[in-house]
Amino acid sequence: MDTVANNHSAAEADGKDTTLIYRQSRWTRLTHWVWAFSLFFMLLSGLQIFNARPQLYIGKQSGFEFNNTILQIGAENTANGPRGFTEIFGHRFDTTGVLGWSGSPGQETPRAFPSWATIPSYYDLGTARVVHFFFAWILTTTLLVWLIASLINGHIRRDLAPRVSDLRKLPRDIVDHAKLKFHHTREYNTLQKMAYGGVLFVLLPLMIITGLAMSPSMNSVLPWLNEILGGRQTARTIHFTVMLLLVLFFIVHILMILAAGPINELRSIITGWYRTDPPAKHAEPTERSV
Numbered sequence: 001m002d003t004v005a006n007n008h009s010a011a012e013a014d015g016k017d018t019t020l021i022y023r024q025s026r027w028t029r030l031t032h033w034v035w036a037f038s039l040f041f042m043l044l045s046g047l048q049i050f051n052a053r054p055q056l057y058i059g060k061q062s063g064f065e066f067n068n069t070i071l072q073i074g075a076e077n078t079a080n081g082p083r084g085f086t087e088i089f090g091h092r093f094d095t096t097g098v099l100g101w102s103g104s105p106g107q108e109t110p111r112a113f114p115s116w117a118t119i120p121s122y123y124d125l126g127t128a129r130v131v132h133f134f135f136a137w138i139l140t141t142t143l144l145v146w147l148i149a150s151l152i153n154g155h156i157r158r159d160l161a162p163r164v165s166d167l168r169k170l171p172r173d174i175v176d177h178a179k180l181k182f183h184h185t186r187e188y189n190t191l192q193k194m195a196y197g198g199v200l201f202v203l204l205p206l207m208i209i210t211g212l213a214m215s216p217s218m219n220s221v222l223p224w225l226n227e228i229l230g231g232r233q234t235a236r237t238i239h240f241t242v243m244l245l246l247v248l249f250f251i252v253h254i255l256m257i258l259a260a261g262p263i264n265e266l267r268s269i270i271t272g273w274y275r276t277d278p279p280a281k282h283a284e285p286t287e288r289s290v
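Numbering-wise, the sequence shown is residues 1 to 290 according to UniProt numbering.
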């Protein structure tokens, strides 16, 4: 997500404050917020698109004659009135008021995801697709440019690629995070490298690839893509699963920011300036938090 800046602050150079560094470059901060806004609009518009067919399948085909549904969100009439349900691998759960059946009292409607969680809030598949694809191309273009630039300037090799020493520190990092003990220093810790690397090099590319596989217009350009992914329905299921993993990453990311010091962390990603821990005598450099 964020690039490790190599230059110290002017205050540090003057010897006045050795804990304040310029951690995030303008390019880092720009890409961070572009990705954040893009993913936000893609999520809410994507849920609107999902509402058009609130089922997920595995395989190349779907329909009543096939038994390959792994997720279904809907509503049904019961003795107690309409109820919403979510069915996962054949196990059904009552999710009335949130999934399947939701709305203001007396104005409930059958819809997979509620109106407050979709863009637009009312059912409009055409608008949702326009919003979704617009921000998808922004995300894809920015990510591609970032990957090329990071390979050229060595950011990936220098700051994100885990080293053997990082893997040796992994048990300690897990314990420190479990105890909410954070080290505010210049370098990423092992958990950060693994989390950011997983998002940047696995989840986001997989989200883009499966999105292309679901597009009928891409069949003539990349006819082999659907075959590799196991069919359009499987690609849609993978796409939805990646979305859930990105939401989980976001939640954990925000919790870590709050636990490590939100003012310092937000200042870093907004202005670039970040305050590190005071240097300890005879201590080896440690990793920074969030």
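In this text, a Cβ means the ideal position worked out from N, Cα and C, and glycines have one as well. Owing to the predicted nature of the structure, the values given are computational and were not obtained by experimental measurement.
Quiz item: Which residues does DSSP pair with F93 in a beta bridge?
Solution: Counting from 1 along the sequence shown, the entry for residue 93 is found at position 93. The partner list for F93 (beta bridge, DSSP) reads T86.
Exercise. Whole angstroms is fine: what's the gap from L143's alpha carbon to W27's?
Key: As a position in the sequence shown, residue 143 is number 143, starting the count at 1. As a position in the sequence shown, residue 27 is number 27, starting the count at 1. As the crow flies, the alpha-carbon of L143 is around 12 Å from that of W27.
Quiz item: From I263 to I269, what distance separates their C-alpha atoms?
Solution: Locating residue 263 in the sequence shown gives position 263, counting from the first residue. Locating residue 269 in the sequence shown gives position 269, counting from the first residue. Straight-line spacing of the CA atoms in I263 and I269 works out to 10 Å.
Quiz prompt | Whole-angstrom distance between T241 and G230, CA atom to CA atom | solution = Taking the first residue of the sequence shown as 1, we reach residue 230 at position 230. Taking the first residue of the sequence shown as 1, we reach residue 241 at position 241. G230 and T241 have their C-alpha atoms roughly 15 Å apart.
Quiz item: With a Cβ-Cβ cutoff of 8 Å, do I138 and A128 count as a contact?
Solution: In the sequence shown, residue 138 corresponds to position 138, counting from 1. In the sequence shown, residue 128 corresponds to position 128, counting from 1. Cβ atoms of I138 and A128: not closer than 8 Å.
Quiz item: Considering only C-alpha positions, which residue in the set H177, T109, R92 and A136 is nearest to I208?
Solution: The residue given as residue 208 occupies position 208 in the sequence shown. I208 has its Cα closest to that of A136, out of H177, T109, R92 and A136.
Quiz item: Could you give the distance in angstroms between the alpha-carbon of I254 and the alpha-carbon of R29?
Solution: To locate residue 254, count along the sequence shown from 1; it is residue 254. To locate residue 29, count along the sequence shown from 1; it is residue 29. If you draw a straight line from the Cα of I254 to the Cα of R29, it is about 16 Å long.
Practice problem: Please state if the CB of L47 and the CB of L71 are separated by a distance shorter than 8 Å. | Solution: Sequence index remark: in the sequence shown, residue 71 carries index 71 (1-based). Sequence index remark: in the sequence shown, residue 47 carries index 47 (1-based). Cβ distance not < 8 Å, so L71 and L47 don't count as in contact.
Self-check item: Beta-bridge partners of I73, as assigned by DSSP
Solution: Taking the first residue of the sequence shown as 1, we reach residue 73 at position 73. In the DSSP output, where bridge partners are listed per residue, I73 has T86.
Quiz item: Near V131, what residues of its chain come up, given a Cβ to Cβ distance below 7 Å and the 5 sequence neighbours on each side ignored?
Solution: Here residue 131 is taken as the residue at index 131 of the sequence shown, counted from 1. Around V131: F41, S45 and I119.
Quiz item: Which residue or residues does DSSP assign as beta-bridge partners of S102?
Solution: Along the sequence shown, read from residue 1 onward, the residue named residue 102 stands at position 102. As computed with DSSP, S102 is found in a beta bridge with T109.
Self-check item: L212 beta carbon less than 8 Å from that of L204
Solution: Against the sequence shown, residue 204 aligns to sequence position 204. Against the sequence shown, residue 212 aligns to sequence position 212. In this structure, L204 lies away from L212, with their beta-carbon atoms at least 8 Å apart.
Quiz item: Do L206 and I174 have their CB atoms nearer than 8 Å?
Solution: Sequence index remark: in the sequence shown, residue 206 carries index 206 (1-based). Sequence index remark: in the sequence shown, residue 174 carries index 174 (1-based). No, the Cβ-Cβ distance between L206 and I174 is not below 8 Å.
Quiz item: Once you ignore the five residues that flank G15 on each side, which residues in its own chain have a CB closer than 6 Å to its CB?
Solution: For this step, residue 15 is matched to residue 15 along the sequence shown. Annotation note: pLDDT 49 at G15 (below 50); position unreliable, coordinate value reported separately. So the list is empty, once near-sequence residues are dropped.
Quiz item: Taking DSSP as the reference, what is the three-state secondary structure of P210?
Solution: The sequence position of residue 210 within the sequence shown is 210, counting from 1. It should be noted that the sequence gives Thr, not Pro, for residue 210. If DSSP states are grouped into helix, strand and coil, T210 belongs with the helices.
Quiz item: Any idea what DSSP makes of G46, helix, strand or coil?
Solution: Residue mapping note: residue 46 aligns to position 46 of the sequence shown, counting from 1. Helix.
Quiz item: With burial defined as no fewer than 16 other Cβ atoms inside 10 Å of the residue's Cβ, what is the status of V202: buried or exposed?
Solution: Walking along the sequence shown from the start, residue 202 turns up at place 202. The residue in question, V202, is exposed, as its Cβ has fewer than 16 Cβ neighbours within 10 Å.
Quiz item: Is it the case that the Cβ atoms of A75 and P110 are separated by a distance below 8 Å?
Solution: Here residue 75 refers to the residue found at position 75 when the sequence shown is read from its first residue. Here residue 110 refers to the residue found at position 110 when the sequence shown is read from its first residue. Cβ atoms of A75 and P110: closer than 8 Å.
Quiz item: Is Q233 near I58, with beta carbons less than 8 Å apart?
Solution: Taking the first residue of the sequence shown as 1, we reach residue 233 at position 233. Taking the first residue of the sequence shown as 1, we reach residue 58 at position 58. Their beta carbons are under 8 Å apart, which means Q233 touches I58 by this criterion.
Quiz prompt | Among N189, A52, T31 and L248, nearest to T141 - alpha-carbon criterion | solution = As a working note, residue 141 is residue 141 in the sequence shown. Among N189, A52, T31 and L248, the Cα nearest to that of T141 belongs to T31.
Quiz item: Where do the ends of the beta strand (DSSP E) carrying Y57 lie?
Solution: Here residue 57 is taken as the residue at index 57 of the sequence shown, counted from 1. Note, Y57: beta strand (DSSP E), Q55 to Y57.
Quiz item: Among Q24, T19 and L20, which one has its Cα closest to the Cα of H155?
Solution: Residue 155 sits at position 155 when you count from the first residue of the sequence shown. It is Q24.
Quiz item: Three-state secondary structure (DSSP) at E287?
Solution: Numbered from 1 along the sequence shown, position 287 holds the residue referred to as residue 287. Low per-residue confidence applies at E287: pLDDT is 42, beneath 50, and the placement is therefore not dependable enough to give any value.
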